[in-house]
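**Student:**
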Amino acid sequence: MKELVKITNLSKQYNQQEVLKSISFSIKEGELFSILGPNGAGKSTLISLILGLAKADRGEILFDGRKLDSDSIELKSMISVVFQNSILDPDLSVKENLFLRAYFYTNNWKEAKSLAKQKLADVQASHLLNKRYGVLSGGEKRKVDIARALLNTPTLLFLDEPTTGLDISSRADMWQLIHRLKEKYHMTVVLTTHYMEEARDSDNILMLDAGQVMAYDAPETLKQNYHCLTLEDVFLTIIEKGREHYECISL
Ligand code: ADP
């Protein structure tokens, strides 16, 4: 599989704090890639750097073999992101929010309405069309945010902690939705989470802690290599032992 994103020796400091410490990994086309780590690990910073929203101190980021800089409009139009804090207007209805944004892509109201309705249906939220965005539940908002991110049919979709704050059943729903959308649109999906177990269906996992890569592999390989039954145990094993390299331990 082709490398869609290639990151080499990426470093970032904020106020003399090393938030990312020479990180290297790649994301292959079509995969579901999870970035795991506790709060403060550097996940959001990493995504901001990949999206070009902040500048790295050192290192290189290649998207489809090319550097992503501020004028890479063509490349940027292939990427969508859903941050934890929505960019939609709470005082507007779902319809108004999505139609307006769809119009940016279509320049035609009829097409904009049809595009927005199609993406809302994709996230199984057509019934929310006339509701005010601000009154929606956390799970409903997240779905509408994803519909918004799908308007430009991205090649690469970033989801920053898509399940944080959702109840167990909404989290399961969200995962099903992510898998379905990924298949339907043949997208590469990159997400961050601090719920380790949720990442078990990912193709690859990057585990971060204090700005360092603690592990990077497929979930099953990680469990085998660390002789652990769960990803949470893998992470705890790495943290407790302070190991940076694979070592087997007994359960
Ligand atoms: P995560 O997403 O894993 O919770 P973040 O990337 O948000 O972690 O944060 C990693 C560290 O970087 C934290 O200690 C945070 O306080 C710090 N940090 C993030 N953004 C900034 C910023 N703009 N200015 C100063 N410190 C920041």
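Take 60 as the starting number for the sequence shown in our numbering and just add one per residue.
Even glycine gets a Cβ: it sits at the ideal position worked out from N, Cα and C.
#1: Grab the span of the beta strand (DSSP E) containing A274 for me, first residue to last.
#2: Just mark Y285 as buried or exposed, buried being the case when its beta carbon has 16 or more other beta carbons within 10 Å.
#3: For the pair the region 287-297 and the region 117-129, tell me if three or more CB-CB distances fall below 8 Å.
#4: Within the region 93-150, note down every full beta strand (DSSP E) run reaching 3 residues or more, in order along the chain.
#5: What are the boundary residues of the beta strand (DSSP E) that Y244 is part of?
#6: Is the separation between the beta-carbon of L225 and that of G193 shorter than 8 Å?
#7: How about T104: is its Cβ closer than 7 Å to a heavy atom in the ligand ADP?
#8: Taking the alpha carbon of M137 as the point to measure from, which residue in H238, E291, T212 has its own alpha carbon closest?
#9: Quick one: does the C-beta of G96 sit closer than 7 Å to a heavy atom of the ligand ADP?
#10: In the DSSP assignment, find the unbroken beta strand (DSSP E) run with L265 in it and report its ends.
#11: Going by the beta-carbon positions, is the gap between A100 and L281 smaller than 8 Å?
#12: What is the DSSP secondary structure of V248, counted as helix, strand or coil?
#13: Using the Cα positions of M60 and L91, report the straight-line distance between them to the nearest angstrom.
#14: For R191 and A171, what's the separation of their Cα atoms in angstroms?
**Tutor:** On the basis of the coordinates in this document:
#1: Bounds of the beta strand (DSSP E) holding A274 are 271-276.
#2: Buried.
#3: No, the region 287-297 is not in contact with the region 117-129.
#4: DSSP runs (the beta strand (DSSP E)) wholly in the region 93-150: 117-122, 138-141.
#5: It is not in any beta strand (DSSP E) - Y244 instead sits in the alpha helix (DSSP H) that spans 227-244.
#6: Taking 8 Å as the Cβ cut-off, L225 and G193 do not qualify as a contacting pair.
#7: Within the cutoff, so yes.
#8: Scanning H238, E291, T212 for the CA closest to the CA of M137 turns up T212.
#9: Yes; taking the cut-off as 7 Å, the Cβ of G96 has a heavy atom of the ligand ADP nearer than that.
#10: Here the beta strand (DSSP E) through L265 covers 263-268.
#11: Taking 8 Å as the cut-off, the Cβ atoms of A100 and L281 do not count as close.
#12: V248 falls in the strand class under three-state DSSP.
#13: Those two C-alpha atoms are separated by around 13 Å.
#14: Taking the straight line from one Cα to the other gives about 19 Å.
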